[in-house]
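Trainee: Counting the sequence shown from 1 gives a position; our numbering is that position plus 144. Beta carbons: idealized from backbone N, C-alpha and C, even for Gly. Quick caveat, the model's predicted, so the values are computed rather than measured. Structure in structure tokens, see below.
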Amino acid sequence: MILEHLLETDQQEPYLRDVYPLLDARARGRLMAAIETAKIQASTTGTGVILQILRFKRGQKEATKLVNYTLEEAQLAEIVAPVIGRCRYLIEESLLNSAKRQIDRVLIIGAGARM
Numbered sequence: 145m146i147l148e149h150l151l152e153t154d155q156q157e158p159y160l161r162d163v164y165p166l167l168d169a170r171a172r173g174r175l176m177a178a179i180e181t182a183k184i185q186a187s188t189t190g191t192g193v194i195l196q197i198l199r200f201k202r203g204q205k206e207a208t209k210l211v212n213y214t215l216e217e218a219q220l221a222e223i224v225a226p227v228i229g230r231c232r233y234l235i236e237e238s239l240l241n242s243a244k245r246q247i248d249r250v251l252i253i254g255a256g257a258r259m
């Protein structure tokens with residue numbers, strides 16, 4: 145979701161939406177790792193930074209794209225709100241379909257659980 149947000153909002157040429165398909169698996173992995181780190185930082189300290197220099201080939205030429213994006217906790221909440229909403233719906237539906245005495249505890253796991 146954060147990657148999609150970056151692809152849609154990047155305003156510096158070359159645009160990330162144009163560069164991303166040209167990246168090899170290693171560069172994509174580094175970008176995703178930087179996004180994950182920024183997501184964790186934003187959810188724990190309030191601000192995370194995505195900073196990566198991506199190298200790619202455009203035709204026969206080597207080129208670079210600097211990704212420098214500050215992710216605020218409020219932005220993160222807005223970006224992930226649709227997924228959190230779907231999870232909330234599923235949890236509420238499960239609780240409604242069960243008698244309270246049938247449920248000992250509710251366990252939510254994964255990175256999204258902190259959000």
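In three-state terms, what does DSSP make of residue 163?
Mentor: Counting from 1 along the sequence shown, the entry for residue 163 is found at position 19. In this structure, residue 163 counts as helix in the three-state DSSP scheme.
Trainee: At which residues does the alpha helix (DSSP H) containing residue 229 begin and terminate?
Mentor: Here residue 229 corresponds to residue number 85 of the sequence shown, with the count starting at 1. That run of the alpha helix (DSSP H) goes 217 to 241.
Trainee: Taking contact to mean at least 3 C-beta pairs separated by less than 8 Å, is the segment 192 to 207 in contact with the segment 156 to 174?
Mentor: Short answer: they touch.
Trainee: Less than 6 Å between C-beta atoms, sequence neighbours within five positions excluded: which residues of the same chain meet that for residue 212?
Mentor: Sequence index remark: in the sequence shown, residue 212 carries index 68 (1-based). Same-chain partners within the cutoff: 195.
Trainee: Looking only at its own chain, which residues have a Cβ that is under 7 Å from the Cβ of residue 179, when we skip the five neighbours before and after it?
Mentor: Numbered from 1 along the sequence shown, position 35 holds the residue referred to as residue 179. If we look at residue 179 and ignore the five residues flanking it on each side, its Cβ neighbours are 146, 147, 194.
Trainee: Using the beta-carbon count (16 or more within 10 Å), is residue 190 buried or exposed?
Mentor: Position 46 of the sequence shown, counting from 1, holds the residue named residue 190. Exposed: under 16 other Cβ atoms inside 10 Å.
Trainee: Starting from residue 153, follow its DSSP beta bridges and name the residues at the other end.
Mentor: Taking the first residue of the sequence shown as position 1, residue 153 is located at position 9. According to DSSP, which records beta bridges pairwise, residue 153 is partnered with nothing at all.
Trainee: Are the CB atoms of residue 150 and residue 187 within a distance shorter than 8 Å?
Mentor: Position 43 of the sequence shown, counted from the start, is the residue given in the question as residue 187. Position 6 of the sequence shown, counted from the start, is the residue given in the question as residue 150. Against a cut-off of 8 Å, the Cβ pair of residue 150 and residue 187 comes out as no contact.
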